[in-house]
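Student: At position 775 of the first sequence (counting the first as 1) the number is 775 in the numbering used here, and the numbers step up by one without a gap.
Heads up, the beta-carbon is just placed ideally off N, CA and C, and yes, glycines get one too.
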Amino acid sequence: MTAPGSIRTAANRYGSLLQICCLQSPISYSLACPVHAHMIASGFQPRGHILNRLIDIYRKSSKLNYARYLFDEIPQPDIVARTTLIAAYSAAGDLKLSRKIFSDTPLRMRDSVFYNAMITAYSHNHDGHAAIELFCDMQRHNFRPDNYTFTSVLGALALVAEKEKHCQQLHCAVVKSGTGFVTSVLNALISSYVKCAASPSAQSASLMAEARRLFDEMPNRDELSWTTIITGYVKNNDLDAAKEFLNGTSEKLGVAWNAMISGYAHRGLYLEAFEMFRKMIMSKIQLDEFTFTSVISVCANAGCFRLGKEMHAYFLKTVANPAPDVAMPVNNALITFYWKCGKVDIAREIFNKMPERDLVSWNIILSGYVNVGCMDEAKFFFNEMPEKNILSWIIMISGLAQIGFAEEALKFFNQMKLQGFEPCDYAFAGAIISCSVLGSLKHGRQLHAQVVRYGYESSLSAGNALITMYARCGVVDAAHCLFINMPCVDAVSWNAMIAALGQHGQGTQAIELFEEMLKEGILPDRISFLTVISACSHAGLVKEGRKYFDSMHNVYGVTPDEEHYARIIDLLCRAGKFSEAKEVMESMPFEPGAPIWEALLAGCRIHGNIDLGIEAAERLFELKPQHDGTYVLLSNMYAVAGQWNDMANVRKLMRDRGVKKEPGCSWIEVENKVHSFLVGDANHPEVQQIYNYLEQLVLEMRKIGYVPDTKYVLHDVESDLKEHELSTHSEKLAVAYGFMKLPHGATVRVFKNLRICGDCHNAFKFMSKVVGREIVVRDGKRFHHFRDGKCSCGDYW
DNA sequence: GTAGGGTTAG
1 MTAPGSIRTA
11 ANRYGSLLQI
21 CCLQSPISYS
31 LACPVHAHMI
41 ASGFQPRGHI
51 LNRLIDIYRK
61 SSKLNYARYL
71 FDEIPQPDIV
81 ARTTLIAAYS
91 AAGDLKLSRK
101 IFSDTPLRMR
111 DSVFYNAMIT
121 AYSHNHDGHA
131 AIELFCDMQR
141 HNFRPDNYTF
151 TSVLGALALV
161 AEKEKHCQQL
171 HCAVVKSGTG
181 FVTSVLNALI
191 SSYVKCAASP
201 SAQSASLMAE
211 ARRLFDEMPN
221 RDELSWTTII
231 TGYVKNNDLD
241 AAKEFLNGTS
251 EKLGVAWNAM
261 ISGYAHRGLY
271 LEAFEMFRKM
281 IMSKIQLDEF
291 TFTSVISVCA
301 NAGCFRLGKE
311 MHAYFLKTVA
321 NPAPDVAMPV
331 NNALITFYWK
341 CGKVDIAREI
351 FNKMPERDLV
361 SWNIILSGYV
371 NVGCMDEAKF
381 FFNEMPEKNI
391 LSWIIMISGL
401 AQIGFAEEAL
411 KFFNQMKLQG
421 FEPCDYAFAG
431 AIISCSVLGS
441 LKHGRQLHAQ
451 VVRYGYESSL
461 SAGNALITMY
471 ARCGVVDAAH
481 CLFINMPCVD
491 AVSWNAMIAA
501 LGQHGQGTQA
511 IELFEEMLKE
521 GILPDRISFL
531 TVISACSHAG
541 LVKEGRKYFD
551 SMHNVYGVTP
561 DEEHYARIID
571 LLCRAGKFSE
581 AKEVMESMPF
591 EPGAPIWEAL
601 LAGCRIHGNI
611 DLGIEAAERL
621 FELKPQHDGT
631 YVLLSNMYAV
641 AGQWNDMANV
651 RKLMRDRGVK
661 KEPGCSWIEV
671 ENKVHSFLVG
681 DANHPEVQQI
691 YNYLEQLVLE
701 MRKIGYVPDT
711 KYVLHDVESD
721 LKEHELSTHS
731 EKLAVAYGFM
741 KLPHGATVRV
751 FKNLRICGDC
761 HNAFKFMSKV
771 VGREIVVRDG
781 KRFHHFRDGK
791 CSCGDYW
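1. Grab the span of the beta strand (DSSP E) containing S666 for me, first residue to last.
2. Can you look up V372 in the DSSP assignment and give me helix, strand or coil?
3. If L612 and T630 are in contact, beta carbons under 8 Å, what's the gap, nearest whole angstrom?
4. To the nearest angstrom, how far is the alpha carbon of R278 from that of L95?
5. Could you give the DSSP three-state label for F621: helix, strand or coil?
6. Compute the Euclidean distance between the alpha carbons of T2 and I50, then round it to the nearest angstrom.
7. So what's C791 in DSSP terms, helix, strand or just coil?
8. Looking at the secondary structure, which residues open and close the alpha helix (DSSP H) in which V632 lies?
9. Touch check for the region 484 to 501 and the region 439 to 455: three-plus C-beta pairs under 8 Å?
10. Touching or not, the region 765 to 779 and the region 679 to 688, by the rule of three or more beta carbon pairs under 8 Å?
11. Does the beta-carbon distance from M260 to M282 come in below 8 Å?
12. Report buried or exposed for F351, applying the criterion of at least 16 other Cβ atoms within 10 angstroms of its Cβ.
13. Quick check: the region 248 to 263 against the region 220 to 231, are at least 3 beta-carbon pairs closer than 8 Å?
14. By the DSSP assignment, the alpha helix (DSSP H) with H171 in it spans what residues?
15. Is DSSP giving L678 helix, strand or coil here?
16. What does the Cβ neighbour count give for R619, buried or exposed, with the cut at 16 atoms within 10 Å?
17. Kindly identify the DSSP beta-bridge partner or partners of H785.
18. Residue range of the beta strand (DSSP E) that K752 falls in?
19. Can you list, in chain order, the residues of its chain with a C-beta nearer than 7 Å to that of A241? Leave out the 5 residues immediately preceding and following it.
20. Relative to the C-alpha of G178, which candidate in K582, Y193 and P145 has its C-alpha closest?
21. Using a Cβ-Cβ cut-off of 6 Å (strictly less than) and excluding sequence neighbours within five positions of Y148, which residues of its own chain qualify?
22. For M740, count neighbouring Cβ atoms within 10 angstroms of its own Cβ and tell me buried if that reaches 16, exposed if not.
23. Have a look at V153, N187 and P200 and flag the residue whose alpha-carbon is nearest the alpha-carbon of E210.
24. Grouping DSSP H, G and I as helix and E and B as strand, with all else coil, what is I673?
25. Could you check the C-alpha separation between H784 and L623 for me, to the nearest Å?
26. Is it the case that the Cβ atoms of Y693 and A648 are separated by a distance below 8 Å?
27. Between the Cα of M208 and the Cα atoms of R755, Y638, H564 and C167, which residue gives the shortest distance?
28. In whole angstroms, what separates the C-alpha of S62 from that of L23?
29. Going by C-alpha to C-alpha distance, which of M385, S440 and Q419 sits closest to A406?
30. If we count the other Cβ atoms within 10 Å of its Cβ and call it buried at 16 or more, is F590 buried or exposed?
31. I need the straight-line Cα distance from A302 to V344, nearest angstrom please.
32. Buried or exposed: which applies to N247, given that a residue is buried once 16 or more other Cβ atoms fall within 10 Å of its Cβ?
33. Between which two residues does the alpha helix (DSSP H) containing Q503 stretch?
34. My output table needs one value for Y454: the three-state DSSP class, helix, strand or coil.
35. Between the C-alpha atoms of F245 and Y264, what's the straight-line distance to the nearest angstrom?
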């Protein structure tokens, strides 16, 4: 046992030694360890400030277990030790342990600092309500709130729904407490008003005015006051006001400069962001990882590859040997930059070399692979992730949906829910888009109901996805109704609705909507022009389509790209205006690629323009020798013209090159299940009943004038065999199945992967009359609504 | 022993 007289000496020595450990930067765990070991070996029991210092060293060295162990060993830990540990666990994200220590502490031991630490713990761990409640609680127990209390509890305001009410109440409490002139408290109050102003549907102007009044009347302003008001204006979209304040101070406010750069970046004002960065260097403001992160992200979004690479080099030069937590966000931005510039390999290299990665790093590399369509790589990273958040799932779901892997996307959506993630509006959007790919109206409607139940009715992403879903499932009226009732819409919503009308052959209405969008002051983007020109093309509105195409560059400054040219050539060729189409092709500032020749070939097939068709096909054979569509279109053209030898040659060429024709497949949703059919299907369990039903139906149709058009059977076979083959086309089987199984009178909605066949198109007109119900067919390109013997496309397709 | 501002992923 140590003699009583030497305890104090020992305590002093240990105290001094630990102080030396604390003075190291970073705090030296390796020095503290032997000191602590010596205490244990000599039987010295640390108390008071020695104990607290040890706990502090362990927590700052991320050795929370040791800190906890020490704490548990003490019979009566004092309030300082308790407060330190609450803060330590809170910083480590363990709110449970913080709360345990808090509630294990008897009321008579507590003080204001102790309460402050717990309020901060709640605030840092996203429980705003608990923070506010504890603030009230401490006052009920007669603990006086101080500067720290107010800055902490005001910080928690951002997390709660009724910010404004709480903000005003806390403002009153501040005044009552006598801390209303303390700079730090005023800074926190200003920051709270700013956050209230920035929340949606708030009276932003008056709240910002209040923030401004507080700032103007401050007796003393520090750097933080300036930073708070400047970033406040940035958050509330008033970059000009922010700039004015920044120019109005001589303080070197790195944080405010960084906020301005990212403010410009978020609004797509890349030039202003770069200008800010340049001025920042000129003003000799210290650049930090936040600066580089924002600027590199600007380079990524603006597509400035060379500048981005220079920034990369500049960062490595400016910040030598950055600590992992400094380098991480910059590396994350760099990974985004490289994959957005098409250099996924470099992105991966940076990812692999990072000493530490966070969830953001993983999500970025995931989106990189999803965006270049490498789903196998994406899945690999997804499975390797040490942890996932909702965004990780959204990246996978929407990525799969976008490349048409709809069933798999829905599987991911369900798996996400099973793993306890509550779907957000973006997750719903991915799942809803998948339903639109599948044509699964029933599932889409169920998801719509869930969107409402989860409170995402007003969400743009979910709403836009729902418009697309209803339209692509054939219910264009529902899409329109949704569009009209959306509380706020963006260019994407308008584009989705214009596309919906266009695909359903309502070209005039599509144009009207496009004009309405212009009147509303929404600037059309490249997608708007793609959709409106397509709408004109489907409806044969040549003059109008031409007008929009010409205006896009001249009036709206949107440079037409290859896709736009392909659509205008499609429009002209469908209308048989081949010389005009040729003129447009010659005016293009680039060599025609596959999309252009494909549009030309499709038009040639419709009008039997064999010579030009051959030219287009030959170019496509060079550009995309493995694409089945070219061979099929060309051989169909020969077949229609009765040139059987030429047709046989094309088929032979296809065989020799090992090109397989994508089989025609049609599907229909019946009672929550998707039934799919191939031509001459023999696999469906009820196929015999379907053939029998069709046979009877065709007899009825013949009575009112239906004659099978055998030119659509593209083999040189006997005529009655041709007729038989026609009657087994996949779309006919699916429609017949719909008649048999759906409730009497219900619209039959059928989907086909390829273009609808000409005889089927004709047959469905007769069927709609004989059976007296509507048939809607979505083929690879557009919709056909058959009603009372007519089709909505007016036979222009 | 306790606080307050800025960044990167859809």
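Tutor: In terms of the structure at hand:
1. Element bounds for S666: C665 to V670.
2. Collapsing the DSSP output to three states places V372 in coil.
3. Going by Cβ atoms, the distance from L612 to T630 rounds to 14 Å, so no, they are not a contact pair.
4. If I take the Cα positions, the gap works out to 43 Å.
5. Of the three classes helix, strand and coil, the one that applies to F621 here is helix, per DSSP.
6. Reliability of the predicted coordinates at T2 is poor, the pLDDT of 46 falling under 50, and the value obtained from them is presented with this limitation in mind. For T2 and I50, the distance between alpha carbons rounds to 17 Å.
7. In this structure, C791 counts as strand in the three-state DSSP scheme.
8. Per DSSP, V632 belongs to the alpha helix (DSSP H) from D628 to V640.
9. No, the region 484 to 501 does not touch the region 439 to 455.
10. Cβ pair count under 8 Å is below three, so no.
11. Contact: no.
12. Buried is the label assigned to F351, since at least 16 other Cβ atoms lie within 10 Å of its Cβ.
13. Result yes; three or more Cβ-Cβ pairs closer than 8 Å.
14. Unbroken alpha helix (DSSP H) run through H171: K163 to S177.
15. Correct three-state label for L678: strand.
16. By the neighbour-count criterion, in which 16 or more other beta carbons inside 10 Å mark a residue as buried, R619 falls on the buried side.
17. According to DSSP, which records beta bridges pairwise, H785 is partnered with V776.
18. Start and end: V748 to K752.
19. Exclusion of the five residues before and after A241 leaves Y233 as the residues of its chain whose Cβ lies within less than 7 Å of its Cβ.
20. For the set K582, Y193 and P145, the Cα lying nearest the Cα of G178 is the one of P145.
21. N116.
22. Exposed.
23. Considering only alpha carbons, the answer is N187.
24. In the sequence under discussion, the amino acid at residue 673 is Lys, which differs from the Ile named in the question. Three-state DSSP puts K673 in a strand.
25. Between H784 and L623, the C-alpha separation is close to 32 Å.
26. Contact: no.
27. Comparing Cα positions, the closest option is C167.
28. The straight-line gap separating the alpha-carbon atoms of S62 and L23 is approximately 17 Å.
29. It is S440 whose Cα lies nearest to the Cα of A406.
30. Exposed.
31. Computed Cα separation, rounded: 17 Å.
32. Answer is exposed; the Cβ neighbour count stays below 16.
33. Its alpha helix (DSSP H) spans residues A491 to Q503.
34. Coil at Y454, not helix or strand.
35. Approximately 16 Å, taken between the alpha carbons.
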